[in-house]
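Only one structure is covered here, and it is reproduced in the block below.
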Amino acid sequence: MSTWRIARLVAAKDLRVEWRSRVVVNQVLPFAALVMVMFAFALDNTQLLTRVAPGLVWLATMFSLVVMVQRSFAVETADGALDALQVAGVRPGGIFLGKALALGAQLAVLQLVLLGAAIVLYRTELVAGGIVLLVTTYLAATTGLAFVGTLYGGLAAGAKGRETLLPLLMLPVVAPVLIGATRATEAALGTEGATPSDGWPWIGLLALFALVFGVGGTLAFGSLIDE
Amino acid sequence: MTGFMTSPRNSPGTVAVLDRAPTSTTFSRVLGIATLVGIGWLVVFGLFLSPNDRVQKTGVRIMYIHVPSAWLAYLAFGVTGVSSLAYLWKRTRSLAWDRLAGASAEVGVLFMGITLVSGSLWGRISWGTYWTWDARLTTTAFLFVTYIGYLAVRDLGGTHQQRAKRSAVLAVLAMLEVPLVHFSVTWWRPLHQNETVENGKLSGLMLFTLFVGLIAFTLLYVWLVLHRQRVLTLLDQVDDRGLDVAIAERRNESVPS
Numbered sequence: 067m068s069t070w071r072i073a074r075l076v077a078a079k080d081l082r083v084e085w086r087s088r089v090v091v092n093q094v095l096p097f098a099a100l101v102m103v104m105f106a107f108a109l110d111n112t113q114l115l116t117r118v119a120p121g122l123v124w125l126a127t128m129f130s131l132v133v134m135v136q137r138s139f140a141v142e143t144a145d146g147a148l149d150a151l152q153v154a155g156v157r158p159g160g161i162f163l164g165k166a167l168a169l170g171a172q173l174a175v176l177q178l179v180l181l182g183a184a185i186v187l188y189r190t191e192l193v194a195g196g197i198v199l200l201v202t203t204y205l206a207a208t209t210g211l212a213f214v215g216t217l218y219g220g221l222a223a224g225a226k227g228r229e230t231l232l233p234l235l236m237l238p239v240v241a242p243v244l245i246g247a248t249r250a251t252e253a254a255l256g257t258e259g260a261t262p263s264d265g266w267p268w269i270g271l272l273a274l275f276a277l278v279f280g281v282g283g284t285l286a287f288g289s290l291i292d293e
Numbered sequence: 032m033t034g035f036m037t038s039p040r041n042s043p044g045t046v047a048v049l050d051r052a053p054t055s056t057t058f059s060r061v062l063g064i065a066t067l068v069g070i071g072w073l074v075v076f077g078l079f080l081s082p083n084d085r086v087q088k089t090g091v092r093i094m095y096i097h098v099p100s101a102w103l104a105y106l107a108f109g110v111t112g113v114s115s116l117a118y119l120w121k122r123t124r125s126l127a128w129d130r131l132a133g134a135s136a137e138v139g140v141l142f143m144g145i146t147l148v149s150g151s152l153w154g155r156i157s158w159g160t161y162w163t164w165d166a167r168l169t170t171t172a173f174l175f176v177t178y179i180g181y182l183a184v185r186d187l188g189g190t191h192q193q194r195a196k197r198s199a200v201l202a203v204l205a206m207l208e209v210p211l212v213h214f215s216v217t218w219w220r221p222l223h224q225n226e227t228v229e230n231g232k233l234s235g236l237m238l239f240t241l242f243v244g245l246i247a248f249t250l251l252y253v254w255l256v257l258h259r260q261r262v263l264t265l266l267d268q269v270d271d272r273g274l275d276v277a278i279a280e281r282r283n284e285s286v287p288s
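Keeping their order, the protein sequence lines are chains A and B.
If you read the first sequence in this note's numbering, its first letter stands for residue 67, the second for the next number, and so on.
If you read the second sequence in this note's numbering, its first letter stands for residue 32, the second for the next number, and so on.
Spelled out as structure tokens, the structure:
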């Protein structure tokens, strides 16, 4: 079976598990929305909120990513599913790509919710000229986050009872995405007079990030989940 | 590699040897004395003989701790990365590389911590603030956190081989991550903080003191890592022996008395 076919099957499996259990829809998405409300409580200033909205959207994404990755691998470790897949001789690179694909799809939904929350709660206005940049930013950042999330999720999944380790390992790694995606989003939304042309260099960083962790993850995933 | 790193007397397996296995050899004792002498020199030159800076007055003396510990931390993380690669490469695979990587990372985290603390204090004196969001500072802080995570992963348990493989992969990922973090924070804050003590402004004696610091700290690094990886070797042996003892006990239980 080709790696790509394994990836599609694993992704379909993950999405089916989510479709039937609705854990992300019923728990993670409300959590993300809650974080956005809490930011508003903490900052308590509408002008300030509009100014920092892009950063808050991405910060909420990072927090939700941690929860999502934990869920994605709770499914695998619960009944030793990951071990079973390995024993069955399924190529780890395929498992990695498949789980990243499913995680990316769920992240995309999450980000739509967060962007909606920013528009409603923080008075963020979309700018017609920045839409292409905004969509590209979301695609590039989501790809990178999905790869990193799956990679470090697999690492932490091997360590039973050490869920606390995941944020410590993963959040420093996703810092370039937080910086790059926030700057690019600011450029796309025209925050503080930024123009879309300010945002494109950051797309390069986001794409490089996704490439490094996509290739690195496909190669290294097997060693990390090998118990 | 192994012959140099471990004491010849603690060959694994035998109980008696393990119980009084030393972590010092003649070489490391000489090295320890040299380190002490080097640090003594650094104290004499750093605190007494080197002159005050024109602008920073006596505050400049923090440099003799700050710069060497930063150099040492980067050296340590470099050694961790290289020995992790050596472990991952099949032809050089040996747990000795893994323990060297671990020992070096521990020492690196310690000195990165010293770098950050001494740097904040120096910054407070010379810039009036403990922290600026300058690219180099931010990258350093990220390195610190990343290797704390690395050490946590080393403690996850499992067999020695699992630990070695997992942490080696993580160390290599960290090497990939560091340039990305550095690029992103450099773009994020393009205004670079000027070097506080510019080249050429250092007097000869200050430069000499800095070199004494670099040498003393490098000796200290080698001494600490040498001992730490010997202790890690002993810990691994204790682990292995504990397992053997447990297996032997279970076997004895099944023997009818």
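Cβ atoms here follow ideal geometry from the backbone N, Cα and C, with glycine treated the same way.
From a predicted model like this one, the values you see are computed outputs, not experimental measurements.
Thinking Phe175/B and Gly154/B are a contact (beta carbons under 8 Å), I'd like their distance in whole angstroms, please. Looking up residue 175/B in the second sequence gives position 144. Looking up residue 154/B in the second sequence gives position 123. So it is not a contact: roughly 16 Å between Cβ atoms.
Closer than 8 Å, Cβ to any Cβ of chain B: which residues of the region 238–250 of chain A, in chain order? Of all residues in the region 238–250 of chain A, Pro238, Val239, Ala241, Pro242, Ile245, Gly246, Arg249 have a Cβ within less than 8 Å of some Cβ in chain B.
Excluding the 5 residues preceding and the 5 following Ala119/A in the sequence, name in chain order all residues of the same chain whose CB lies nearer than 6 Å to its CB. Residue mapping note: residue 119/A aligns to position 53 of the first sequence, counting from 1. Within the same chain, and ignoring the five residues on either side of Ala119/A in sequence, the residues whose Cβ sits closer than 6 Å to its Cβ are Ala184, Tyr188, Thr190.
Cβ atoms of Ala212/A and Ala150/A: under 9 Å apart, would you say? Residue mapping note: residue 150/A aligns to position 84 of the first sequence, counting from 1. Residue mapping note: residue 212/A aligns to position 146 of the first sequence, counting from 1. Contact: no.
Residue range of the unbroken alpha helix (DSSP H) whose run includes Met67/A: Numbered from its first residue, the first sequence carries residue 67/A at position 1. Unbroken run through Met67/A: none, as it is neither H nor E.
So, with DSSP's three-state summary, where would you put Asp145/A? For the purposes of this step, residue 145/A is identified with residue 79 of the first sequence, where counting begins at 1. Three-state DSSP puts Asp145/A in coil, outside helix and strand.
Give me the Cβ distance between Val278/A and Leu211/B, rounded to the nearest whole Å; I'm assuming they're in contact under 8 Å. Here residue 278/A is taken as the residue at index 212 of the first sequence, counted from 1. Here residue 211/B is taken as the residue at index 180 of the second sequence, counted from 1. That belief holds up - the Cβ atoms of Val278/A and Leu211/B are roughly 7 Å apart, short of 8 Å.
Contacts around Gln224/B, its chain only, beta-carbon distance under 7 Å, and the 5 residues preceding and following it disregarded: Start at 1 with the first residue of the second sequence, and residue 224/B comes out as number 193. In this predicted model, Gln224/B has a pLDDT of only 49, less than 50, meaning its place in the structure is not dependable enough to derive any value.
May I have the straight-line CA-CA distance separating Leu75/A from Val262/B, to the nearest angstrom? The residue you call residue 75/A lines up with position 9 of the first sequence. The residue you call residue 262/B lines up with position 231 of the second sequence. C-alpha separation (whole angstroms): 47 Å.
Is Val101/A closer than 9 Å to Arg137/A when the C-beta atoms are compared? Position 71 of the first sequence holds residue 137/A. Position 35 of the first sequence holds residue 101/A. Against a cut-off of 9 Å, the Cβ pair of Val101/A and Arg137/A comes out as no contact.
Can you pull the DSSP bridge partners for Lys88/B? Reading the second sequence from its first residue, position 57 is the one you call residue 88/B. DSSP output for Lys88/B lists Asp84/B as bridge partner(s).
CB contact flag (Ala101/B, Gly150/B, <9 Å): For the purposes of this step, residue 101/B is identified with residue 70 of the second sequence, where counting begins at 1. For the purposes of this step, residue 150/B is identified with residue 119 of the second sequence, where counting begins at 1. Yes, the Cβ-Cβ distance between Ala101/B and Gly150/B is below 9 Å.
Answer with buried or exposed for Trp128/B, where buried requires no fewer than 16 other C-beta atoms within 10 angstroms of its C-beta. Against the second sequence, residue 128/B aligns to sequence position 97. Taking all protein chains shown into account, Trp128/B has 16 or more neighbouring C-beta atoms within 10 Å of its C-beta and is therefore buried.
Quick check: the Cα distance between Arg272/B and Thr169/B, rounded to an integer number of angstroms? Counting from 1 along the second sequence, the entry for residue 272/B is found at position 241. Counting from 1 along the second sequence, the entry for residue 169/B is found at position 138. So the alpha carbons of these two residues sit roughly 44 Å apart.
Sequence-distant residues of its chain with Cβ nearer than 8 Å to Thr54/B (five each side left out): Here residue 54/B is taken as the residue at index 23 of the second sequence, counted from 1. Excluding five sequence positions before and after Thr54/B, the CB atoms of its chain that fall closer than 8 Å to its own CB belong to Ser38, His258, Arg261, Val262, Leu265, given in chain order.
Whose C-beta lies closer than 6 Å to the C-beta of Gly246/A among residues of the same chain, with five residues either side of it excluded? Here residue 246/A is taken as the residue at index 180 of the first sequence, counted from 1. Here the set comprises Trp268, Leu271, Leu272.
What does Ser130/A touch in chain B if you count any residue whose Cβ is under 8 Å from its own? As a working mapping, residue 130/A is identified with position 64 in the first sequence. Within 8 Å Cβ-Cβ: nothing; Ser130/A doesn't reach chain B, min ~20 Å.
Does any residue of chain B bring its CB to less than 9 Å from the CB of Leu274/A? Locating residue 274/A in the first sequence gives position 208, where the first residue counts as 1. For Leu274/A, a Cβ of chain B is located within less than 9 Å of the residue's own Cβ.
Evaluate Ala276/A with the Cβ neighbour count: other Cβ atoms within 10 Å of its Cβ, from every protein chain shown; 16 or more gives buried, anything less gives exposed. One-based indexing of the first sequence puts residue 276/A at position 210. Burial check for Ala276/A: the Cβ neighbour count within 10 Å reaches 16 or more, so the residue is buried.
Cα-Cα separation, Gly155/A to Leu255/A: Taking the first sequence and counting its residues from 1, one reaches residue 155/A at position 89. Taking the first sequence and counting its residues from 1, one reaches residue 255/A at position 189. For Gly155/A and Leu255/A, the distance between alpha carbons rounds to 47 Å.
Do three or more CB pairs link the region 193–209 of chain A to the region 248–265 of chain A at distances below 8 Å? Yes: the two stretches touch, three or more of their Cβ pairs being nearer than 8 Å.
Which of helix, strand or coil does DSSP assign to Thr190/A? Translated into positions along the first sequence, residue 190/A becomes position 124. Note: Thr190/A maps to coil in three-state DSSP.
Where does Glu229/A sit, in a helix, a strand or coil, going by DSSP? Translated into the one-based positions of the first sequence, residue 229/A becomes position 163. Of the three classes helix, strand and coil, the one that applies to Glu229/A here is coil, per DSSP.
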